[in-house]
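Residue numbers (the working numbering), protein chains in the order written: chain F, 4 to 229; chain L, 11 to 124.
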Ligand SMILES: Nc1nc2c(ncn2[C@@H]2O[C@H](COP(=O)(O)OP(=O)(O)O)[C@@H](O)[C@H]2O)c(=O)[nH]1
Ligand SMILES: [Mg+2]
Ligand SMILES: [Zn+2]
């Protein structure tokens, strides 16, 4: 009977193992008081520029580190280090178009024992793949930039549905594009009624304080509810 | 776009279940892919065939893919319709206030082992 053909029912998402690992990572980070922020966007939306601004405003009150996973991440990792002075490490996605909880965990191991309050993960620049994989982050945020168009939330519903904060960047160029900010906010809310939306210009600095305030609050909540 | 990651996850998960069940070999596996899941079938199959050979217990494993229909719900007229046919705009009332009910699944349904 040992050689009999058996059918084993599984009925599980392919991502089930990753989701379990992500939950474990979140628990571990919570115990350590480390807030992990997963930042996603299309290439060129302004992740690195925004991060630089935000970190410079928060680095005196929070111990911050950055993990870079975007394609041209050596460049970004160096840029962040030069412009902010905070530690930034590079993650290796092994040619993959996303990070998963295991890869994130390996990256965090490189920061072990340093008592970091806030780790920011610059995820791979793409709006499809990173949305499928829970990295174990405390919160997910994304940057949508004005030149990309206000209908992005309709085209990438999953991405918008998992983000707690949507930053609309490059509002300094609003006069040159037929980007409808109101409509865009409405589309985001359609995908995710609980999302916070903050329009900014990482170039002029407009709105950046609001992002800092949001982040400061989130870190406080995370650390407070151990 | 991330077929490679999905292939790795699927093979890992299947291998684990097979071993837990003391199987010698996995003969076939059935995957459910939603019509609008982010996985491209042909690309997925190529990667599967390439990766599966590296796993002893699975090297002859046949892959069967079942497609699950994508269905969208309209918040305005509360009807459902085929996502692939009509996309994001409700064919009944032309509303854009719609959301996907099913269609993005990437599930392992079952495996056949000896
Ligand atoms: N006009 C304008 N340009 C911006 C703004 N933020 C970023 N950029 C530019 O957009 C380009 C891509 O920015 P970067 O931060 O490298 O994007 P990333 O690929 O998402 O990390 C750079 O040339 C930035 O100078 C902004 O608020 N306004
Ligand atoms: Mg960058
Ligand atoms: Zn309708």
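Just so it is clear, CB atoms sit at the ideal spot from N, CA and C, and this is done for glycine as well.
Contact under 8 Å by Cβ, residue 203 (chain F) with residue 214 (chain F): Contact: yes.
How many whole angstroms separate the CB atoms of residue 43 (chain F) and residue 145 (chain F), which I take to be in contact at a CB cut-off of 8 Å? Indeed, because the Cβ distance is near 5 Å, the residues count as touching under 8 Å.
Proximity test, Cβ basis, 8 Å: residue 110 (chain L) and chain F: Yes - at least one Cβ of chain F is within 8 Å of the one on residue 110 (chain L).
Identity of the residue in F:21, F:199 and F:151 nearest residue 48 (chain F) by Cα: Among F:21, F:199 and F:151, the Cα nearest to that of residue 48 (chain F) is on F:151.
Run through chain L and tell me which residues come within less than 9 Å of residue 23 (chain F), C-beta to C-beta. Those within 9 Å of residue 23 (chain F) in chain L number zero; the least Cβ separation is about 11 Å.
To which residues does DSSP link residue 36 (chain L) through a beta bridge? Answer is L:123.
Cβ-based burial, residue 168 (chain F) [other Cβ within 10 Å; buried from 16]: Of the residues assessed, residue 168 (chain F) falls on the buried side of the cut-off, its CB having 16 or more other CB atoms within 10 angstroms.
Spatial neighbours of residue 20 (chain L) within its chain, please: C-beta separation below 7 Å, excluding the five flanking residues on both sides. Cβ neighbours of residue 20 (chain L) beyond the five flanking positions: 41 and 118.
Would you kindly work out how many angstroms separate the C-alpha atoms of residue 92 (chain F) and residue 61 (chain F), rounded to a whole number? The straight-line gap from Cα to Cα measures roughly 19 Å.
So, are the CB atoms of residue 217 (chain F) and residue 38 (chain F) less than 8 Å apart? Taking 8 Å as the cut-off, the beta carbon of residue 217 (chain F) is found no closer than this to the beta carbon of residue 38 (chain F).
Alpha carbon to alpha carbon, how far is residue 161 (chain F) from residue 194 (chain F)? Give it in angstroms, no decimals. Taken atom to atom, the span from the alpha-carbon of residue 194 (chain F) to that of residue 161 (chain F) is near 8 Å.
Of all Cβ atoms in chain F, is any one closer than 8 Å to the Cβ of residue 70 (chain L)? Answer no: the Cβ-Cβ gap between residue 70 (chain L) and chain F never drops below 8 Å.
Have a look at L:107, L:77 and L:108 and flag the residue whose alpha-carbon is nearest the alpha-carbon of residue 43 (chain L). It is L:77 whose Cα lies nearest to the Cα of residue 43 (chain L).
Check whether the Cβ atoms of residue 123 (chain F) and residue 54 (chain F) sit closer than 8 Å, and answer yes or no. Yes; because the gap between Cβ atoms is below 8 Å, this pair is in contact.
Own chain partners of residue 57 (chain L) with C-beta closer than 6 Å, once the 5 adjacent residues on each side are dropped: Closer than 6 Å at Cβ, skipping near neighbours: 13, 14 and 17.
Minimum Cβ-Cβ distance from residue 67 (chain L) to chain F less than 8 Å: No, residue 67 (chain L) lies away from the interface with chain F (no Cβ there is under 8 Å from its Cβ).
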